[in-house]
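In my numbering, the protein residues as written are 12 to 89. Notes follow the structure.
And the structure:
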């Protein structure tokens, strides 16, 4: 069982002040995107991943337009 860290903020601190154990916006690495699970919730991220997978599968299952495929199916001419 994990124990939760106590809130180290003074009682008179307003809500705009982050707790001492959380990084401020200035301390976050700029090259790393925020964790989407914290923005949307785990279920929201799973929905987005499944939707993207369905779009990719649909795109891959589309037949390609072009005459090149017909030539390859007949075999090489000698």
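Ideal Cβ positions, reconstructed from N, Cα and C, are used throughout, including at glycine.
When DSSP labels each residue in this structure, what does residue 43 get in the three-state scheme? coil
Put residue 53 into one of helix, strand or coil per three-state DSSP. helix
Quick one: Cα of residue 75 to Cα of residue 62, how far? 22 Å
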